[in-house]
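Scroll down for the structure; my scribbles are underneath it.
There are 2 protein chains.
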Amino acid sequence: MTVSKMSDIDPTVHVPSVEPPLESTALQMGGLSELLGYSLKRAQLKVFEDFLRCMAPLQLTPAQFSVLLLLDNNPGRNQTEIAHTLGILRPNFVAMLDVLEGRDLLTRMRSPSDRRSHVLMLTEKGRAILARAKKLVATKHEARLIELLGPTHHAALLAMLATIATEF
Amino acid sequence: MTVSKMSDIDPTVHVPSVEPPLESTALQMGGLSELLGYSLKRAQLKVFEDFLRCMAPLQLTPAQFSVLLLLDNNPGRNQTEIAHTLGILRPNFVAMLDVLEGRDLLTRMRSPSDRRSHVLMLTEKGRAILARAKKLVATKHEARLIELLGPTHHAALLAMLATIATEF
DNA sequence: CCTTATTTGATATGTTTCATAACGATTATC
DNA sequence: GATAATCGTTATGAAACATATCAAATAAGG
Chain V
1 MTVSKMSDID PTVHVPSVEP PLESTALQMG GLSELLGYSL KRAQLKVFED FLRCMAPLQL
61 TPAQFSVLLL LDNNPGRNQT EIAHTLGILR PNFVAMLDVL EGRDLLTRMR SPSDRRSHVL
121 MLTEKGRAIL ARAKKLVATK HEARLIELLG PTHHAALLAM LATIATEF
Chain X
1 MTVSKMSDID PTVHVPSVEP PLESTALQMG GLSELLGYSL KRAQLKVFED FLRCMAPLQL
61 TPAQFSVLLL LDNNPGRNQT EIAHTLGILR PNFVAMLDVL EGRDLLTRMR SPSDRRSHVL
121 MLTEKGRAIL ARAKKLVATK HEARLIELLG PTHHAALLAM LATIATEF
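One line per chain: the protein sequences are V and X, in this order. Using the numbering used here, the first residue of the first sequence is number 1, and each one after it goes up by one. Using the numbering used here, the first residue of the second sequence is number 1, and each one after it goes up by one.
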């Protein structure tokens, strides 16, 4: 509390109304900042923004990066499996793959065992881009976040977010 | 590490290949879960989902709730100011206000001092809905999150998200 | 004053993201 | 062998997000 009590104010003294040079005062958030969802969204937007900046030389969105990373760690999976674990609906995944395949970062191959499904695999170029992307993410993006929060807090934050994502 | 060393395995013993009843094994996340942006997005989606569930009886989205809350704490502000502090672009704010005004939760009044701008104010109904909404958020929504994380972790999480949102 | 610039709410428009229904081809089930 | 389920795909729509522009009102500069 920085405001004086009424009894402290001498009515004979001219108080120069301490707020005049304020250019349209900042708004009261009214507890909005204490809403986890609000802070989550705000933080997420900032983080994605920075991700895009760091990844600008490779022209990869967060979603595209996650697809390449998942393919690299799970070769031979089909579209349904990859899309599902990323929370992407299959119809929307098609156009996404069209773009990545058009950039020659991955290939769709008809599976010999089940000729309905496509086996997804990173191309040589796809693996190269992913390697560079992982370096950029680690050194430019995530490193900045760790620097801001400290490694301990950063780890704690990750753990709490995982808890929410899986157990909420 | 739950995997035995090779030297621990007796080659004469039949190991029943511990993975057979797995229906299309879970995918390797390949470090994706350690990406703050990924976990942030996942957690944010879950939280918003729950917010909508809790708010279903009042039919308020997170964005609509934030507008009502901000108006209640900052009466007499115009559209530009409210929209700006919420990170909403003015053109998109118009339709949002049309809906809320159509539901008789707020009113647009031409300002006497500056007849370009609209002074926004909650109606009686708007204040009533907001009061019920705040109760629902506190008792159903945020309470569940605090129960999941514990009050201390919940507070720490809020603080870190605020740090990211403001200083990143 | 009078001209010029800026601001406010609004419209139009486009892009991106997200969600649902349905189809042909293939495979599984009974 | 008929029926059902699954795969990738297309079509389509709703919602969120962004840009350019407008008329009206106000502010600023000469």
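Glycine included, every Cβ here is placed at the ideal spot set by N, Cα and C.
Give the secondary structure of residue i by DSSP, where H, G and I count as helix, E and B as strand, and everything else as coil.
| i | result |
| --- | --- |
| residue 60 (chain X) | coil |
| residue 144 (chain X) | helix |
| residue 89 (chain X) | coil |
| residue 28 (chain X) | coil |
| residue 75 (chain V) | coil |
| residue 96 (chain V) | helix |
| residue 160 (chain V) | helix |
| residue 48 (chain V) | helix |
| residue 150 (chain V) | coil |
| residue 35 (chain V) | coil |
| residue 168 (chain X) | coil |
| residue 22 (chain X) | Because residue 22 (chain X) sits at a pLDDT of 38, beneath the cut-off of 50, its placement in the model cannot be relied upon, and the point is left open. |
| residue 155 (chain V) | helix |
With the cut-off set at 9 Å, would you say residue i and residue j are in Cβ contact?
| i | j | result |
| --- | --- | --- |
| residue 131 (chain X) | residue 65 (chain X) | no |
| residue 146 (chain X) | residue 154 (chain X) | yes |
| residue 162 (chain X) | residue 39 (chain V) | yes |
| residue 57 (chain V) | residue 136 (chain V) | yes |
| residue 148 (chain V) | residue 93 (chain X) | no |
| residue 67 (chain V) | residue 89 (chain V) | no |
| residue 44 (chain V) | residue 37 (chain X) | yes |
| residue 30 (chain X) | residue 69 (chain V) | yes |
| residue 27 (chain V) | residue 142 (chain X) | no |
| residue 158 (chain V) | residue 33 (chain X) | yes |
| residue 160 (chain X) | residue 156 (chain V) | yes |
Spatial neighbours of residue i within its chain, please: CB distance less than 7 Å, with the 5 preceding and 5 following residues excluded, ordered by chain position.
| i | result |
| --- | --- |
| residue 62 (chain X) | 48 and 51 |
| residue 101 (chain X) | 107 and 108 |
| residue 22 (chain X) | At residue 22 (chain X) the pLDDT is 38, less than 50, meaning the model places this residue with poor confidence and gives no usable figure here. |
| residue 110 (chain V) | 118 |
| residue 125 (chain V) | 104 and 105 |
Identify, in the order they occur along the chain, each residue of the same chain with its Cβ nearer than 8 Å to the Cβ of residue i, setting aside the five sequence neighbours on each side.
| i | result |
| --- | --- |
| residue 81 (chain X) | 74 |
| residue 60 (chain X) | 68, 129 and 133 |
| residue 144 (chain X) | 50 |
| residue 127 (chain X) | 72 |
Considering only residues of the same chain and omitting the five flanking positions on each side of residue i, which have a CB-CB separation below 6 Å?
| i | result |
| --- | --- |
| residue 76 (chain V) | 119 |
| residue 54 (chain V) | 136, 140 and 141 |
| residue 114 (chain V) | none |
Report yes if the C-beta of residue i is less than 8 Å from at least one heavy atom of the ligand COA; otherwise report no.
| i | result |
| --- | --- |
| residue 118 (chain X) | You won't find the ligand COA in this model; it holds no ligand whatsoever. |
Next on the checklist: Against chain X, which members of the stretch 143-162 of chain V pass a CB distance test of less than 8 Å?
Outcome noted: 144, 145, 148, 149, 153, 154, 156, 157, 158, 160, 161 and 162
Item to check | Contacting positions in the stretch 78-112 of chain X - beta carbon closer than 7 Å to chain V | outcome: 81 and 85
Checklist entry - Going along the chain, which unbroken runs of the alpha helix (DSSP H) with 4 or more residues stay wholly within the stretch 98-140 of chain X? => result 124-136
Next on the checklist: Under 9 Å, CB to CB, which of the residues in the stretch 31-65 of chain V have a partner in chain X?
Outcome noted: 31, 32, 33, 34, 35, 36, 37, 38, 39, 40, 41, 42, 43, 44, 45, 46, 47, 48, 49, 50, 51, 62 and 65
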